[in-house]
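Engineer: Here you go, one structure.
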Amino acid sequence: MSSVGGARVLVIGRSPEVLETVLDELSGVGLRAQGTTDPERADEHFDAGEFDLIAFGGGVAAATAERLQRAFRQRNPGVRLLRTFAPRAVREIVTALDDTIPPPEVDVDAYLARIGHTGSRVPTLDTLRALHRRHPDAIVFEAIDVLLDKGVDLAPQAVDAKLIHAGRGGYCFEHNTLLWRVLTELGFTVEGLVGRVRWRAAPGNPPTPPTHMALRVTLDGVPWLVDVGFGGCVLTAPLRMDTSAPQQTDHESFRVIPFGNQWLVQIRIDGRWQSMYELEAGPWLVSDYEVPNWYTSTHPSSNFRQRLMVARTSERVRYTLLGNRLTVRPNDAPAERHLLDADGLERTLRGTFGLDVQPEWRPLLEQEAAQA
Numbered sequence: 309m310s311s312v313g314g315a316r317v318l319v320i321g322r323s324p325e326v327l328e329t330v331l332d333e334l335s336g337v338g339l340r341a342q343g344t345t346d347p348e349r350a351d352e353h354f355d356a357g358e359f360d361l362i363a364f365g366g367g368v369a370a371a372t373a374e375r376l377q378r379a380f381r382q383r384n385p386g387v388r389l390l391r392t393f394a395p396r397a398v399r400e401i402v403t404a405l406d407d408t409i410p411p412p413e414v415d416v417d418a419y420l421a422r423i424g425h426t427g428s429r430v431p432t433l434d435t436l437r438a439l440h441r442r443h444p445d446a447i448v449f450e451a452i453d454v455l456l457d458k459g460v461d462l463a464p465q466a467v468d469a470k471l472i473h474a475g476r477g478g479y480c481f482e483h484n485t486l487l488w489r490v491l492t493e494l495g496f497t498v499e500g501l502v503g504r505v506r507w508r509a510a511p512g513n514p515p516t517p518p519t520h521m522a523l524r525v526t527l528d529g530v531p532w533l534v535d536v537g538f539g540g541c542v543l544t545a546p547l548r549m550d551t552s553a554p555q556q557t558d559h560e561s562f563r564v565i566p567f568g569n570q571w572l573v574q575i576r577i578d579g580r581w582q583s584m585y586e587l588e589a590g591p592w593l594v595s596d597y598e599v600p601n602w603y604t605s606t607h608p609s610s611n612f613r614q615r616l617m618v619a620r621t622s623e624r625v626r627y628t629l630l631g632n633r634l635t636v637r638p639n640d641a642p643a644e645r646h647l648l649d650a651d652g653l654e655r656t657l658r659g660t661f662g663l664d665v666q667p668e669w670r671p672l673l674e675q676e677a678a679q680a
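This is the structure:
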């Protein structure tokens with residue numbers, strides 16, 4: 309805590325009671341904190357040059373926060389800006405100010421080379437769309453390590469070593485934590501979300517545990533759903549979260565509808581809307597995904613513990629491998645299905661999915677090929 313003692317903090321929120329609590333806790337860790345519940349006029353009442361960090365609570369409208377960030381940054385280019393929410397505000401503020409805690413860095417150049425993006429890096433909707441389109445094609449969805457009892461490590465260095473440098477794929481927690489760090493480094497405003505999978509579930513089934521991860525990116529006050537980690541139905545474009553209208557992508561049409569105090573993400577297949585997953589309001593911290601990741605990678609009932617699942621989505625075709633069955637779904641033609649033996653599985657993993665098949669995978673491939 310010594311590295312943050314005496315730092316000057318401005319907290320902008322909505323609720324007087326919440327603000328009072330947060331300011332009191334910040335004072336308790338040695339910070340000089342002020343606050344306001346009048347966000348619309350905060351830039352009139354406070355001089356950005358007097359603060360080391362300015363935090364915006366979840367109750368502040370995205371458009372208002374973006375306007376204030378531009379104004380404060382113009383007046384004090386060195387000020388740290390933070391979007392947070394009450395339950396984690398003090399911890400996030402302290403962490404952001406503590407120079408002894410290294411940020412979760414990512415090699416953006418290596419990531420962009422991995423997905424083949426040579427275009428703009430400016431944090432715009434066009435850039436977001438370009439990254440979202442290329443990622444599911446270049447970095448496949450797979451959970452082979454789960455089937456091999458190796459577990460899944462979400463430490464940034466482990467994810468980068470696997471998905472960027474080793475040419476492997478991963479599942480939602482790996483894909484979306486990686487993209488989260490890349491987008492943040494590029495200057496996007498990103499929040500983590502958690503979901504309960506409903507895909508192919510029978511009507512009336514009990515709710516599943518929260519085992520899916522997605523992202524919310526806010527641009528010019530508009531919230532966009534970003535998700536590059538949902539297997540054979542992965543999004544290939546961000547979806548607006550402020551409308552229930554259908555949104556067409558290169559593949560299927562999707563929609564995000566209010567669902568109680570959550571959102572329900574649906575895909576249009578075979579002439580009807582099918583539910584993919586529910587999303588809680590969030591936001592979540594990276595550390596919040598450790599338990600869902602542990603459950604998903606180790607619990608006997610986890611789908612990823614049952615069968616081999618690999619998926620890749622290019623601009624025109626979806627490739628999905630479930631067990632020993634390869635499904636190829638072009639945008640403009642009927643789906644093709646192929647039953648593979650162990651050698652066929654190995655060739656497909658190498659050729660279609662671009663994975664460097666390891667000798668230790670062979671028993672798994674033979675086991676999958678032997679199943680009906």
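Under our numbering, the first residue of the sequence shown carries the number 309, and numbering increases by one thereafter. All C-beta atoms in this analysis are idealised placements derived from N, C-alpha and C, irrespective of residue type, glycine included. Remember, predicted model here, so these are calculated numbers, not experimental data.
(1) Which runs of the alpha helix (DSSP H) fall wholly inside the region 620 to 677 and span at least 4 residues, in chain order?
(2) For chain B, find out if any of its Cβ atoms is closer than 8 Å to the Cβ of F481; answer yes or no.
(3) Using 8 Å for Cβ pairs, my map puts L616 next to E676. What's the rounded Cβ distance?
(4) Excluding the 5 residues flanking F359 on each side, which residues of the same chain have their C-beta closer than 7 Å to its C-beta?
(5) Could you please give the first and the last residue of the uninterrupted alpha helix (DSSP H) stretch that includes W571?
(6) Could you check the C-alpha separation between V625 and G579 for me, to the nearest Å?
(7) Note down, in chain order, each residue of its chain lying with its Cβ closer than 6 Å to the Cβ of H646, except the 5 sequence neighbours on either side.
(8) Would you call the CB atoms of A397 and V330 closer than 8 Å?
(9) Whose C-alpha, out of V460, G314, R441, G427, is nearest the C-alpha of D406?
(10) Whole-angstrom Cβ separation of F364 and A373, contact assumed at under 8 Å?
(11) So, is D445 buried or exposed, given that buried needs 16 or more other C-beta atoms within 10 angstroms?
(12) Among P518, T485, G539, E560, which has the Cα closest to the Cα of R524?
(13) Within 8 Å, do at least three Cβ pairs link the region 461 to 476 to the region 411 to 430?
(14) If we count Cβ pairs, one from each stretch, closer than 8 Å, do we get three or more for the region 561 to 572 versus the region 584 to 598?
(15) Spell out the partners DSSP gives E586 in its beta bridges.
(16) My output table needs one value for S609: the three-state DSSP class, helix, strand or coil.
(17) Pull up the distance between the alpha-carbon of R322 and that of S552, whole angstroms please.
(18) Sorted by chain position, which residues of the same chain lie with C-beta nearer than 8 Å to P517's C-beta, five sequence neighbours on each side aside?
(19) Opposite T519 in the DSSP bridges: which residues?
Structural biologist: So, from the listed chains and residues:
(1) Fully enclosed alpha helix (DSSP H) runs of 4 or longer: 650 to 659.
(2) Protein chains in the displayed structure number just one, and chain B is not present.
(3) Rounded, the Cβ-Cβ distance is 5 Å, consistent with contact.
(4) Cβ contact annotation for F359 (same chain, cutoff 7 Å, sequence separation greater than five): R316, V317, L318, V387, in chain order.
(5) Taken as a continuous stretch (DSSP letters only), W571 belongs to no alpha helix (DSSP H), being part of the beta strand (DSSP E) at 570 to 577.
(6) For V625 and G579, the distance between alpha carbons rounds to 19 Å.
(7) By the criterion of a C-beta distance shorter than 6 Å, H646 is surrounded in its chain by L634, once the five residues flanking it on both sides are discounted.
(8) By the CB criterion at 8 Å, A397 and V330 fall inside the cutoff.
(9) G314 is the residue among V460, G314, R441, G427 whose C-alpha sits nearest the C-alpha of D406.
(10) Rounded, the Cβ-Cβ distance is 4 Å, consistent with contact.
(11) By the 16-neighbour rule on beta-carbons within 10 angstroms, D445 is buried.
(12) For R524, the closest C-alpha among the options P518, T485, G539, E560 is that of T485.
(13) Touching, yes, given that three or more Cβ pairs across the two stretches are closer than 8 Å.
(14) The region 561 to 572 is in contact with the region 584 to 598.
(15) Looking at the DSSP assignment, E586 forms a beta bridge with R504, L572.
(16) S609 falls in the coil class under three-state DSSP.
(17) Their backbone Cα atoms lie some 27 Å apart in a straight line.
(18) Excluding residues within five positions, the ones whose Cβ falls inside 8 Å are R504, P600, Y603.
(19) DSSP output for T519 lists no bridge partner at all.
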